[in-house]
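Each remark here refers to the structure printed beneath this line.
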Amino acid sequence: MKVTDSTPLTDTQSLSISSVPSVASTVNAVSSSTTGETRDLVCFSHLRWNFVYQRPQHLLTRATRNYRVWFIEEPVFGNDLRMAVCTENDRLRVVVPHLPHGSSPDDIIRYQRQLIDELLQKERITDFVAWYYTPMALFFSDHLKPRLTVYDCMDELSAFWGAPKELLDQEKRLMDKAGIMFTGGYSLFEAKQRRHPHVFAFPSSIDFTHFSSARRPLPDPVDQRSLPNPRIGFSGVIDERFDYELLGELAERRRDWHFIMIGPIVKINPALLPKGPNVHYLGMKDYKQLPAYFSNWNVAMLPFAMNESTRFISPTKTPEYLSAGLPVVSTPIRDVVRTYGSQDFVQIADTAKAFEAAIELALQQKHPSDWSAIDTFLAESSWDCTWGEMNRLMTAQMEIAVEQ
């Protein structure tokens, strides 16, 4: 990867907010310690751990080699006030605040702040890295005193539909607090590099061993077994970034091709999505299942719309498709063009007609032409290498802070 630029809780256990009246001052006092090895990483995420398996899961699973990881999700609302802690493995906990229905905005912030303080005290999390995917979490965590604050900016969240109006102001606050910042692609890096002194680009990486298993025949999953060939597939979140008009036109132009869509449909009206006998929506699949689907496709596609929400994306699926041995056709997403299109690893098409021609070329096995070059590139782009380099930079930054 090139860089530019206590006793644990049981499997499912809750913390009651009433058991600790106020621990903010205690947490702040101990968290400022600068001696010993930092043993915990507390992540604040807008994505749920059991949603699509992507960048946060890849990185923080590997982070358990160096830290106990606490993955704090956005709250859910019910009848009680508690913190649910679920064990993913002996080094990783998923933490979900449960708040009462009808809580006011101020109470939502106050409850989360107090629940997090209680968690840190109960689990003796006194010397830790604070890792942020969402700047909005600062509303209830800005009082904490971590050894290091990391902002892993995986998307330009302010460009997404429904983004909170306060997000840009909160991002500025987070960048002021962060000792180091990572970006999920080169376009994001270019947009952020002048706003922080320590920004590093870490584009989408790959678990090659996992996806390369798709290069050999694998049993066809039941829900696509009856679908005819050729199959052109997409795997990912189907939302405002998805070009449903392109898919509809393609499906109409080539009724002999079958388009398989894997992933949840969110933030978009399902009625807008093209329907037809050759368009198949199979829903979200477990990460472990993906190679079996990919193994039985002929071509993979990245039909992203060209809009503000896709301006800075670096799709994780690009290297996953290639690792699976699938030819890839993509709309001209900037980071895909720069990283994969410029080396002729991926075909770039900006219209349905161009997409059709590119898929036809791939079906004839005329593209890509140099799989050995692709595999050499992928070998240098592993999530293991990415995490190792990130942690090296984090450790160096913490050492500098201690010296100062």
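Sequence positions in the sequence shown follow the working numbering and run 8 to 411.
Heads up, the beta-carbon is just placed ideally off N, CA and C, and yes, glycines get one too.
Original post:
Can you list, in chain order, the residues of its chain whose CB lies under 8 Å from that of R248, leaving out five sequence neighbours each side?
Top reply: Annotation for R248: F311, A312, N314, S316, T317 and I320 place their beta carbon closer than 8 Å to its own, counting only its chain and skipping 5 residues before and after.
Original post:
Taking the alpha-carbon positions, what's the L280 to Y251 distance?
Top reply: Going from the Cα of L280 to the Cα of Y251 covers about 6 Å.
Subject >> Contiguous beta strand (DSSP E) assignments of at least 3 residues, all confined to the segment 307–349 >> reply: Taking only runs of at least 3 residues, the beta strand (DSSP E) segments lying wholly in the segment 307–349 are 335–337.
Original post:
Taking T216 as the reference, which of W390, M401, L400 and E406 has the closest Cα?
Top reply: It is W390 whose Cα lies nearest to the Cα of T216.
**OP:** Please list, in chain order, all residues of the same chain as Q119 whose beta carbon is under 7 Å from its beta carbon, the five residues on each side excluded.
**Re:** Cβ within range, chain order: P82, P104 and F147.
Original post:
Taking all protein chains shown into account, do 16 or more other C-beta atoms lie within 10 angstroms of the C-beta of R232, making it buried, or fewer, making it exposed?
Top reply: By the beta-carbon neighbour count (other beta carbons within 10 angstroms, threshold 16), R232 is exposed.
**OP:** Would you check if the distance between the CB atom of V335 and the CB atom of M308 is smaller than 9 Å?
**Re:** Cβ atoms of V335 and M308: closer than 9 Å.
Original post:
Are the segment 260–270 and the segment 323–341 in contact at 8 Å, needing three or more beta carbon pairs?
Top reply: Not touching, per the Cβ criterion.
**OP:** List the whole-angstrom C-beta distance separating A208 from G192, where the pair is believed to meet the contact cut-off of C-beta under 8 Å.
**Re:** With 8 Å as the limit, A208 and G192 qualify as a contact, their Cβ atoms being about 7 Å apart.
Original post:
Would DSSP call P277 helix, strand or coil?
Top reply: Of the three classes helix, strand and coil, the one that applies to P277 here is helix, per DSSP.
Original post:
Considering only the beta carbon of each residue, do I245 and Y300 sit closer than 9 Å?
Top reply: The answer is no: Cβ separation not under 9 Å.
Original post:
Would the beta-carbon of R75 fall within 9 Å of that of R117?
Top reply: Contact: no.
Subject >> Uninterrupted alpha helix (DSSP H) stretches inside the segment 91–141 (no shorter than 4 residues) >> reply: The alpha helix (DSSP H) runs lying completely inside the segment 91–141 and spanning 4 residues or more are 112–129, given in chain order.
Original post:
When DSSP labels each residue in this structure, what does H217 get in the three-state scheme?
Top reply: It is helical.
Original post:
Taking the C-alpha atoms as reference points, what is the distance between R202 and E178?
Top reply: When rounded, the distance between both Cα atoms is 11 Å.
Original post:
Under 9 Å between the Cβ atoms of D351 and D377?
Top reply: The beta carbons of D351 and D377 sit closer together than 9 Å.
Original post:
Is it buried or exposed for E387, if we count other Cβ within 10 angstroms and need 16 for buried?
Top reply: By the neighbour-count rule (16 or more Cβ atoms within 10 Å), E387 is not buried but exposed.
Original post:
Between which two residues does the alpha helix (DSSP H) harbouring D47 extend?
Top reply: Counting along the chain, no alpha helix (DSSP H) covers D47; the unbroken beta strand (DSSP E) around it starts and ends at D47 to F51.
**OP:** Pick helix, strand or coil for S242, following the three-state DSSP scheme.
**Re:** Under the three-state reduction of DSSP output, S242 falls in the strand class.
**OP:** Just grab the DSSP bridge partners of L155 for me.
**Re:** For L155, which the question treats as bridged, DSSP gives the partners V136.
**OP:** Whole angstroms is fine: what's the gap from I269's alpha carbon to E363's?
**Re:** Between the alpha carbons of I269 and E363 lies a gap of roughly 20 Å.
Subject >> Range of the contiguous alpha helix (DSSP H) that encloses R261 >> reply: Premise fails: R261 is in no alpha helix (DSSP H) and is neither H nor E.
Original post:
Looking at the unbroken alpha helix (DSSP H) that takes in T68, where does it start and where does it end?
Top reply: In the DSSP assignment, T68 falls within the unbroken alpha helix (DSSP H) covering R62 to A70.
Subject >> For M291, the first and last residue of its enclosing beta strand (DSSP E) >> reply: Here M291 belongs to no beta strand (DSSP E), and DSSP marks it neither H nor E.
**OP:** Taking H108 as the reference, give the member of L126, A70, D124 and R89 with the closest Cα.
**Re:** Per the Cα distances, R89.
Subject >> Opposing strand residues paired with V206 [DSSP bridges] >> reply: In DSSP, V206 forms a bridge with M188.
**OP:** With hydrogens ignored, establish whether the beta-carbon of I123 is closer than 8 Å to any heavy atom of the ligand ADP.
**Re:** The model on display carries no ligand, and the ligand ADP is accordingly not part of it.
**OP:** Less than 8 Å between the CB atoms is what I'm expecting for G332 and A403, so what's the real figure, rounded?
**Re:** Between A403 and G332 the Cβ distance is about 38 Å, and since that is not below 8 Å, they are no contact.
**OP:** With R222 as the anchor, note down where its beta strand (DSSP E) starts and where it stops.
**Re:** Note, R222: premise wrong, no beta strand (DSSP E); not H, not E.
Original post:
V229 and F135: beta carbons closer than 9 Å?
Top reply: No, these two residues do not count as a Cβ contact at 9 Å.
Original post:
Near N303, which residues of its chain fall below 6 Å by C-beta distance, leaving aside the five closest residues on each side in sequence?
Top reply: Excluding positions up to five away in sequence, the list reads D227.
Subject >> Span of the beta strand (DSSP E) around I79 >> reply: Element bounds for I79: R75 to I79.
Subject >> Rounded separation between L122 and R98 - CA only >> reply: Pairing L122 with R98, the inter-Cα distance amounts to about 21 Å.
**OP:** Would you list the one or two residues that DSSP bridges to G85?
**Re:** BP columns for G85 point to P107.
Original post:
Among residues of its own chain, excluding the 5 on either side of V37, which ones have a beta-carbon nearer than 7 Å to its beta-carbon?
Top reply: With a pLDDT of only 34 at V37, under the threshold of 50, the placement of this residue in the model should not be trusted, and no figure is reported.
**OP:** Starting from the C-beta of A144, find all residues in its chain whose C-beta is less than 7 Å away, skip the five residues before and the five after it, and write them out in chain order.
**Re:** Only residues of its own chain outside the window of five on either side were considered, and among them F51 have a CB closer than 7 Å to the CB of A144, listed in chain order.
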